[in-house]
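Sequence positions in the sequence shown follow the numbering used here and run 501 to 801. Here's the structure, in structure tokens; my notes come after.
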Amino acid sequence: MKLKELKNESRLDRLIRLFVAEIFILGAYFWLDGVWQIVFYILGVVSLITAVTGFCGLYKVLGKVTYVDSNPTSIYTKIFFIILFIVVAVAGSYYSAFFTKKLFLDDYNRMNNYYKQTLFYTGQDKRVESVANYDKLIAEYAVFQEKYTTYHPYAIKSDPQLNADLKKISDIITALRDSVYSGDLKQSHLSFEAVRPIFQDILKRNNFSMLAVTLVDFHDAMEMIIDAADAKDTIQLLAVYPEVDAKLQAIEEVVNDFEIQNIRTKLEETISLAKSGQVNLLSAKAAELKSAFVKVYLKRG
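Spelled out as structure tokens, the structure:
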């Protein structure tokens, strides 16, 4: 039987299948792990094969046909859709890599915040604060470890040491429970310090710059300033400033060139407006702050 006689899909049908296949494969490679990754790869390959051949076995079983015999597709139309397919693949890969990296850094910074707080309060010999932050660290790190032991986003996909390092960190943290609850906090502090170089090595060997890490950490805090400015809430704006200031200082410790100084300038100008009661100017100035940050983040984050 000739291939043409086997076809049961229209050109539009095949085109849709082609792009669906692309989405399934991109999703499997960048966003999923385990069983769902396998399922999406299978669906992607099946969609691709049926798009290329023009034959769908399920249509055959159901007695459905969308194929319409018509003139051959022009070479220009084929070239257009080939280019479109490549553009979607390149753009989809770029943005998937970008956003999965950002989500990883978001998760890392959320967990690492409790680590830093635990480290700080044990160093200050403050039991209540140490225990409170340690409990949050244990819970947050468990979520982080479970997720990234099974799922490796593109940015860390080729790291063979990751799972072993995550287990090593977990062992250090969990072993310090009794020490944090009732032991020598100064000694706990020194033991917690052993976690820092492991984290740094993970980031370094996977080509994460410390600037990228601190930029992501700053972003969420900056959004609180922007929300308060848009709401003309000077009390809230001034209340969250110390946290935003501290996170910007962390960036400045890594690099403090003109672009970073511009973020600092816009932040301080926003605070000055809040202190002077010029609430009608807050939203526009906060937008300038965000614009200055986004410029740096897109280029260097």
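Here a beta-carbon is modelled for each residue, glycine too, at the ideal position from N, C-alpha and C.
Same chain only: Cβ atoms within 8 Å of residue i, ignoring 5 sequence neighbours per side
i	result
PHE604	TYR648, PRO653, ALA655 and ILE656
SER467	Residue 467 lies beyond the range of the chain shown here (501 to 801); nothing can be said about it.
ASP625	LEU685 and LYS686
LYS785	ALA729, LYS766, GLU769, THR770 and LEU773
ALA694	ILE672
LEU738	ILE771, ALA774 and LYS775
ALA787	ILE726
LYS860	The question about residue 860 has no answer here: the residues shown for the chain are numbered 501 through 801.
Expected contact under 8 Å - CB spacing of residue i and residue j to nearest Å
i	j	result
ILE673	ILE698	About 11 Å separates the two Cβ atoms, so there is no contact after all.
LEU666	GLN645	5 Å
ASP513	THR577	ASP513 to THR577, Cβ: 16 Å. No contact.
ASP659	ASN706	6 Å
LEU715	VAL643	Wrong, their Cβ atoms sit about 23 Å apart, outside the cutoff.
MET724	LEU789	Not really, about 12 Å apart at Cβ, beyond 8 Å.
LEU711	VAL779	The Cβ separation is near 33 Å, so there is no contact.
Chain-order list of residues whose beta-carbon lies under 7 Å from that of residue i (same chain, five-residue window excluded)
i	result
ALA792	ASN762, ILE763 and LYS766
TRP531	SER596 and THR600
GLN687	SER679
ILE702	LEU662 and ASP665
GLN617	ASN633
LEU834	There is no way to answer for residue 834, as the model of the chain reaches only from 501 to 801.
VAL568	SER510
THR573	ARG511
LEU506	PHE555
ALA551	ARG514, ARG517, LEU518 and ALA521
Residue i, buried or exposed, once every other Cβ within 10 Å from all chains shown has been counted against 16
i	result
GLU509	buried
ILE760	buried
VAL535	exposed
TYR741	buried
ILE538	exposed
TYR608	buried
LYS502	Since pLDDT at LYS502 reaches only 49, below the 50 mark, its modelled position is unreliable, and the value read off the structure follows with that caveat. LYS502 should be labelled exposed.
ILE726	buried
ASN633	buried
VAL744	buried
VAL628	exposed
THR553	exposed
ASN756	exposed
LEU782	buried
GLY777	exposed
LYS799	exposed
TYR594	exposed
LEU748	buried
VAL713	buried
PHE758	exposed
ALA528	buried
Contacts around residue i, its chain only, beta-carbon distance under 6 Å, and the 5 residues preceding and following it disregarded
i	result
THR734	ALA774
GLY592	LEU526
GLY623	HIS689
LEU543	PHE524
4 or more residues per run - each alpha helix (DSSP H) lying fully within the stretch 616-689: 627-650, 662-675 and 677-682
What are the start and end residues of each continuous alpha helix (DSSP H) run of 4 or more residues lying completely inside the stretch 704-732, in chain order? 710-730
What are the complete alpha helix (DSSP H) segments, minimum 4 residues, inside the stretch 732-793? 734-754 and 758-775
Just to confirm the assignment: which complete beta strand (DSSP E) runs, minimum length 3, are found wholly within the stretch 502-590? none
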